[in-house]
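S.K.:
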Amino acid sequence: MLVLLTGIIGAVVATPLLNALGIRDWRARGFATGVAAHGIGTARAFQVHETAGAFAGIGMGLNAVLTALIAPAILRLFL
């Protein structure tokens, strides 16, 4: 449920927030949206601009791979 909520909030907030921050590069906007807002944010990025959507997919995929590699190492620190 939290992942869905994060995706919905990210999809709604990403475009106005990035506009307010003055980020105009579609690659950076898409990558940030993909990492932060998962699949729903990536779908929204594709609606806004095709380059942003492509980089959102890359960001989401890299986030998944790095999380799968780093999370077990961090978990070992706590156990």
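Be aware that the sequence shown starts at 120, since it is given in the numbering used here, and climbs by one per residue. Even glycine gets a Cβ: it sits at the ideal position worked out from N, Cα and C.
Straight-line CA distance for I184 to L198?
M.R.: Position 65 of the sequence shown, counted from the first residue, corresponds to residue 184. Position 79 of the sequence shown, counted from the first residue, corresponds to residue 198. Note that residue 184 corresponds to Val in the displayed sequence, not to Ile. If I take the Cα positions, the gap works out to 22 Å.
S.K.: Just to confirm before moving on: does the CB-CB distance between G149 and G178 stay below 8 Å?
M.R.: By 1-based counting over the sequence shown, the position of residue 149 is 30. By 1-based counting over the sequence shown, the position of residue 178 is 59. Yes.
S.K.: Report the start-end ranges of each beta strand (DSSP E) in the region 143 to 191 that is 3 residues or longer and not cut off at the edges.
M.R.: Whole beta strand (DSSP E) segments, 3+ residues: zero.
S.K.: For the pair the region 152 to 161 and the region 186 to 197, tell me if three or more CB-CB distances fall below 8 Å.
M.R.: Not touching, per the Cβ criterion.
S.K.: How close, in whole Å, do the beta carbons of T170 and R143 come, if the pair is a contact with beta carbons under 8 Å?
M.R.: By one-based count along the sequence shown, residue 170 stands at place 51. By one-based count along the sequence shown, residue 143 stands at place 24. At roughly 12 Å, the Cβ-Cβ gap does not stay under 8 Å, so T170 and R143 are not in contact.
S.K.: Could you give the residue range of the alpha helix (DSSP H) that holds L137?
M.R.: Position 18 of the sequence shown holds residue 137. Residues L121 to A139.
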